[in-house]
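Since the structure comes first, as structure tokens, the remarks are kept for the end.
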Amino acid sequence: MPSTLVPRTRRLIVTTTLAASVTAALTACGTRLPPDPKVASTSAAPVAHTTAALPPSKPTGMKIDAAGVDAKRMVDLEVDAATGELGVPNADTDANSPGWWTGGVTPGEKGVSVLVAHSSSRTSTPSTARP
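Put into structure tokens, the structure is as follows:
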């Protein structure tokens, strides 16, 4: 072998051996993670779940601390038969009162209820705000 091929061959053998050794070592370590430990229940005793709904009631207000909402009254809202659109609280007389769709469930009943309210911020007006 010419003298210039010996260092290249030696370098190739060393590099290949090193790569194979690293691959074998990493493979031997495994790739599986240990299973997650079971999280114990924080409840001291099982809680009985009730399935009975409360009787219908008229909503009287709404409070959402995180949003700074503390409405003392609710406006009854209905769906317009001609357009099929749900009404909204009057911006002039009920701007600070959320509306409750009268065709939905009331507090205490099972099911979905619909609330509608005006919203405004520095970047939107009540007529352009969207959820």
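Residue numbering for the sequence shown follows our numbering, beginning at 28 and increasing consecutively.
A virtual CB, placed ideally from N, CA and C, is assigned to each residue, including glycine.
Leaving out five residues before and five after residue i in sequence, what residues of the same chain have Cβ atoms less than 7 Å from its Cβ?
{"i": "H160", "result": "What is shown of the chain runs 28 to 158, which leaves residue 160 out entirely."}
{"i": "R35", "result": "none"}
With a CB to CB cut of under 6 Å and the five nearest residues on each side skipped, what residues in its chain are close to residue i?
{"i": "V141", "result": "W128 and G131"}
Decide if residue i is buried, meaning its Cβ has at least 16 other Cβ atoms within 10 Å, or exposed.
{"i": "P83", "result": "exposed"}
{"i": "G111", "result": "exposed"}
{"i": "A126", "result": "Per the sequence shown, residue 126 should be read as Gly rather than Ala. Counting Cβ neighbours within 10 Å, G126 comes out buried, since at least 16 surround it."}
{"i": "L39", "result": "exposed"}
{"i": "A98", "result": "buried"}
Strictly by DSSP, which residues pair up with residue i?
{"i": "D103", "result": "W127"}
{"i": "V143", "result": "G126"}
{"i": "I91", "result": "V96"}
Let me check understanding here. Comparing Cα to Cα, which of the options lies closest to residue i?
{"i": "V102", "options": "P86, E112, G135 and G95", "result": "P86"}
{"i": "E136", "options": "I91, T120, A79 and K90", "result": "A79"}
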